[in-house]
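Going by my numbering, the sequence shown opens with residue 3, and the numbers climb by one from there. The structure appears right after this line, and notes come after that.
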Amino acid sequence: MPLEPTKHADWEIAEAAEKNMKTSRQLAEELDIQYDELLPHGHYIAKVDYARVLERLKDKPDGKFIEVTAITPTPLGEGKSTTTLGLLQGLGKRGKKVTACIRQPSGGPTMNIKGSAAGGGLSQCIPLTEFSLGLTGDINAVVNAHNLAMVALTARLQHEFNYSDERLARRNLKRLNIDPKNVEMGWVIDFCAQALRNIIIGIGGKMDGFMMASKFGIAVSSEVMAILSIFSDLADFRKRIGGIVVAYDKQFNPITTEDLEVAGAMTAWMRNAINPNMLQSIEGQPCFVHAGPFANIAVGQSSIVADKMCLKLADYHLTESGFGADIGFEKFWNVKCRYSGNIPSVSVITATIRALKHHGVNMGALPVVPGRPIPKEYFQENLAWLEDGMANVIHHINTVKKAGINPVVCINRFHTDTDEEIKLTRRMCEAAGARVAVSQHWHYGGEGALEFADAVLDACNDKVNFKFLYDLDTPIRKRVELIAKEVYGADGVSYSAEATAKAEKFEKDPKFKDYATMMVKTHLSLSHDPTLKGVPKGWILRIRDFLTYGGARFICPVAGNISLMPGTSSDPAFRRVDVDVKTGKVKGLF
């Protein structure tokens, strides 16, 4: 069947392409992955032993490193994953040895209102169903490892409440004096379940646990998931897992997973999950999938070890950052690159004409409500909306340039975009100092991404003057101020009394000096207010609190209200998902 995105759904295109997939063995041979480095999960999905690959190729120079980000997200979608897959296929069409790495999707959004995180049209990662429904079980491993820490905590609380010090000692336990009103962690599940945001556990008798308030978050908000994205080797992973703070004692001393003697077992649950998963594009280029932390509450990156491995295996490697350049790229720049030591040659900023129009609020751009029909005006030429909205992409171009990285703007073209709109976008982006490429990878796959691929290849030849926004000697409040002013465009920063007290504590304690600064902020605006579109002016970033993650070693300034447990909508995607009982194939997923 001819694959035509305007006539066929993503799942139909993926299903047709999957009939011609390369086997994992074939992909491994093309990448020079050795037999004992490949860990197959069936014929078309495999994990790869990153440690063996890195040891074997430790003296080989790295390939070119390319990051993919986007303008500030809108309900209209920018197609960042589609763009990553399109560029992967375009570079493949140019005969380059290329790989990509994207994040694993969470089951919560998949079963709620979000579409495929595998790209779309003729630029997708396949097999689509397996990609979308658990893959090789990495998120399940995160859930088990995380919840085991909570099992250890709640069991210890019960036993310390029921038993004397002498009886605890007979079981080789010492009293930890856990404060049940100061528990840092909750439980996790990989669904959007608002009813579990605040719960009471331990209801019953004294052998049914300790009764107290508790909570659930979504799995990808787990600190275990954050550690999966930033660890460097198994020893580093084990150390970070042991540093996770589960609760505090009654003198406010942290109680870690190591104190609860559960860190080793948590690492055992994750022993297979630390290896990246190898899938492929619908045109047969290798696409790795590993880790999936949210970008508005965590690092928003696929794993460092996947990138490091791919930079040894390929001449060009693409990695995708979550949300827009103010969120995902900033964390890629100041956290991931600092931890990994890998310096990118290019950063791609993905934009669509209609999403840029959405940011044209000063010229009367109409609001778009998720789940409702897009106003017809977005499908008509409107240069006034577009020109006003261009401030957003230019802001992100300037952010990338501050890092010393070469920006390439990809105009992810839709068939409703007019030539005049394309010309205006190209002219203004080029005037801001970025290369610009129009790409139609959604409609035509790799063939539609050749101009895009050529622009990226050209940019890879330019010198990179990479520099971090701040060094690790910079106090936490100065770091926040730099991010607020230089990345978000704020006039300054204000702090609540609670946040001020915590910041003073961090700045006095040398143990926090090397903690990464992980901003917690809405992805829907450059500001902390999700309703402010375009490039807001005359505003102050308000920090209401700081969170700390001892294992991941993050200090998280919290701007606005961000929930770690999303809610399921009134018309969730799971209503349309079923299984064909004759073929065993999933239908209605996308």
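Beta carbons are placed, not taken as given, at the ideal position from N, Cα and C, and that holds for glycine.
Inter-residue distance for residue 177 and residue 137 is about 41 angstroms (C-alpha atoms, whole angstroms).
Residue 75 places its beta carbon 8 angstroms or farther from that of residue 447.
Annotation note: the segment 233-283 contains the following uninterrupted alpha helix (DSSP H) runs of length 4 or greater, listed N- to C-terminal: 236-244, 265-271.
The beta carbons of residue 361 and residue 535 sit closer together than 8 angstroms. For residue 439, the enclosing beta strand (DSSP E) covers residues 437-441. The alpha-carbon separation between residue 493 and residue 544 amounts to approximately 11 angstroms. Linking residue 552 to residue 22 through their CA atoms gives a straight-line distance of about 46 angstroms. As DSSP reads the structure, residue 126 sits in a beta bridge with 121. In this structure, the straight-line span from the alpha carbon of residue 38 to that of residue 16 is close to 30 angstroms.
Around the beta carbon of residue 69, a 10 Å sphere encloses 16 or more other beta carbons of the protein chains shown; the residue is thus reported as buried. In the structure shown, residue 524 falls within a coil segment according to DSSP collapsed to helix, strand and coil. When DSSP states are grouped into helix, strand and coil, residue 167 belongs to the helix group.
Secondary structure at residue 310: helix, using DSSP grouped into helix, strand and coil. Annotation for residue 339: the continuous alpha helix (DSSP H) segment containing it runs 339-342.
Taking each of 368, 346, 449 in turn and checking the Cα distance to residue 408, the smallest one comes out for 346.
Scanning 531, 547, 548 for the CA closest to the CA of residue 540 turns up 531. Within the segment 32-107, the complete alpha helix (DSSP H) runs of at least 4 residues fall at 52-58, 82-95. Leaving aside the five residues that flank residue 29 on each side, the residues in its chain whose CB is nearer than 7 angstroms to its CB run, in chain order, 280, 282, 288. Annotation for residue 452: 92, 95, 96 place their beta carbon closer than 8 angstroms to its own, counting only its chain and skipping 5 residues before and after. Shown here, residue 380 sits in a helix according to DSSP, grouped into three states. Collapsing the DSSP output to three states places residue 303 in a strand. Judged by their CB atoms, residue 166 and residue 120 are not nearer to each other than the 8 angstroms cut-off. The beta carbons of residue 155 and residue 271 sit about 16 angstroms from each other, so the pair does not count as a contact at 8 angstroms. Here residue 290 is buried: its Cβ has 16 or more other Cβ atoms, across all protein chains shown, within 10 Å. Residues of the same chain with a CB within less than 7 angstroms of the CB of residue 560, apart from the 5 flanking positions on each side, are 522, 545, 546, 547, 548, 549 in chain order. In the DSSP assignment, residue 541 falls outside any alpha helix (DSSP H), carrying neither H nor E. Beta bridge pairing from DSSP links residue 113 with no other residue. Exclusion of the five residues before and after residue 384 leaves 359 as the residues of its chain whose Cβ lies within less than 7 angstroms of its Cβ. Measuring C-alpha to C-alpha distances from residue 563 to each of 529, 241, 49 identifies 529 as the nearest.
Using a Cβ distance threshold of 8 angstroms, residue 395 and residue 351 count as a contacting pair. Within the same chain, Cβ atoms closer than 8 angstroms to the Cβ of residue 538 are found at 491, 527, 528, 529, 531, the five residues on either side in sequence being excluded.
A straight-line Cα-Cα distance of about 21 angstroms links residue 449 and residue 349.
Looking at 64, 458, 519, 77, the one whose alpha-carbon comes closest to that of residue 380 is 77.
DSSP places residue 231 in the helix class (H, G or I) of the three-state scheme.
Taking a cut-off of 8 angstroms for Cβ pairs, the segment 324-342 and the segment 435-446 do not touch, as fewer than three such pairs fall below it. Three or more Cβ pairs closer than 8 angstroms define a contact, and the segment 50-67 falls short of that threshold against the segment 420-428.
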